[in-house]
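Novice: Below you will find the structure I want to go over with you.
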Amino acid sequence: MLRIAALLLAASTLCLAITTPRPTVQPVQEEQAKLLKSNAYGSANGNSFDDAVSIQVPLAGTTGTSTNGPKLLSLTLRGGKRLDGISFGLTSGETFNHGGSGGVPRSITLDYNEYIKSVKLCWGKKGKKSRIFYALATTSTERTIEAGKTTGNCEDVATPDGYTVVGGYGRSGDEIDQLGFVYAPLPKLQ
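Residue numbers -17 to -1, 1 to 173, in mature numbering (1 follows the signal peptide of the UniProt record, and there is no 0), belong to the letters of the sequence shown in order.
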């Protein structure tokens, strides 16, 4: 009987020591704990970028703008055969541009209570390097914009409940090599 109790105690201790897998969204930094990030898709080519380090987020206990934090005003996708560039315009006037100027620009300006609810990303090889080939953004009112061409490697990146896309992170050069998204809490409607 004592042997069984010791075995059960050892097994339960071992179960508590097992780590849980990383969630798909992560807090960014302590002073910007309201921001989250999606996984990034694509490759490690190009120069790194991370909008989270530049986005103005009110600290806990302070009053922000009339929307109480960052909010996406517009999203522009540039593309032809691949996703050449992406731009995030915030209501604060901040704009984050990544990638090159090739391809056709397609923009969407969001309504007051509208936000990006998901982005489908597809990636593939151009020569020996992986790139982001396609992006399709869908808003909370089912409006969409897209750029590039789909591939067999795609992922629908859903915005976490209660959050909205406010920027991106990844790697780029003349095109987008790797892309993930930065999220902020949905603003409180006035």
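Ideal Cβ positions, reconstructed from N, Cα and C, are used throughout, including at glycine. Source: prediction; values computed, not measured.
#1: Look at P53 and S75 and say whether their C-beta atoms are less than 8 Å apart.
#2: Please classify A27 as buried or exposed, where buried requires at least 16 neighbouring CB atoms within 10 angstroms.
#3: DSSP three-state call for A35: helix, strand or coil?
#4: Determine, using beta carbons only, whether L19 and P170 come nearer to each other than 8 Å.
#5: Which partner residues does L119 have in the DSSP bridge list?
#6: Have a look at the DSSP bridge pairing and note the partners of S57.
#7: Along the chain, where does the beta strand (DSSP E) that runs through A167 open and close?
#8: Quick one, are the C-beta atoms of A141 and L60 less than 8 Å apart?
#9: Applying the 10 Å Cβ sphere with the 16-neighbour rule, what's the burial state of G68?
#10: Using 10 angstroms around the beta-carbon of K109, count the other beta-carbons present and answer buried if the total reaches 16, otherwise exposed.
#11: To the nearest angstrom, how far is the alpha carbon of E138 from that of K64?
#12: Using beta-carbon positions only, say whether G29 and G156 come within less than 8 Å of one another.
#13: Measuring alpha carbon to alpha carbon, tell me which residue in Y24, G86 and Y98 is nearest L73.
#14: Are the beta-carbon atoms of F32 and H81 separated by less than 8 Å?
Specialist: So, from the data block:
#1: As a position in the sequence shown, residue 53 is number 70, starting the count at 1. As a position in the sequence shown, residue 75 is number 92, starting the count at 1. A contact, by the Cβ cut-off of 8 Å.
#2: Here residue 27 corresponds to residue number 44 of the sequence shown, with the count starting at 1. Classification of A27: exposed, given that the 10 Å Cβ count is below 16.
#3: Here residue 35 refers to the residue found at position 52 of the sequence shown. It is helical.
#4: Residue numbering aside, residue 19 sits at position 36 when the sequence shown is read from its first letter. Residue numbering aside, residue 170 sits at position 187 when the sequence shown is read from its first letter. For L19 and P170, no; Cβs fall outside 8 Å.
#5: Taking the sequence shown and counting its residues from 1, one reaches residue 119 at position 136. According to DSSP, which records beta bridges pairwise, L119 is partnered with K103 and E129.
#6: For the purposes of this step, residue 57 is taken as the residue at position 74 of the sequence shown. For S57, which the question treats as bridged, DSSP gives the partners G72 and T92.
#7: Numbered from its first residue, the sequence shown carries residue 167 at position 184. I159 to P168 is the span of the beta strand (DSSP E), which, as asked, contains A167.
#8: On the sequence shown, residue 141 is found 158 positions in, with the first residue counted as 1. On the sequence shown, residue 60 is found 77 positions in, with the first residue counted as 1. Cβ distance not < 8 Å, so A141 and L60 don't count as in contact.
#9: To locate residue 68, count along the sequence shown from 1; it is residue 85. By the neighbour-count rule (16 or more Cβ atoms within 10 Å), G68 is buried.
#10: Along the sequence shown, one-based indexing puts residue 109 at 126. K109 is exposed by the Cβ-count criterion.
#11: Numbered from 1 along the sequence shown, position 155 holds the residue referred to as residue 138. Numbered from 1 along the sequence shown, position 81 holds the residue referred to as residue 64. About 18 Å.
#12: Taking the first residue of the sequence shown as position 1, residue 29 is located at position 46. Taking the first residue of the sequence shown as position 1, residue 156 is located at position 173. In this structure, G156 lies closer than 8 Å to G29 by Cβ.
#13: Working through the sequence shown from its first residue, we reach residue 73 at position 90. Ranking the options by Cα distance to L73, first place goes to Y98.
#14: Position 49 of the sequence shown holds residue 32. Position 98 of the sequence shown holds residue 81. Their beta carbons are under 8 Å apart, which means F32 touches H81 by this criterion.
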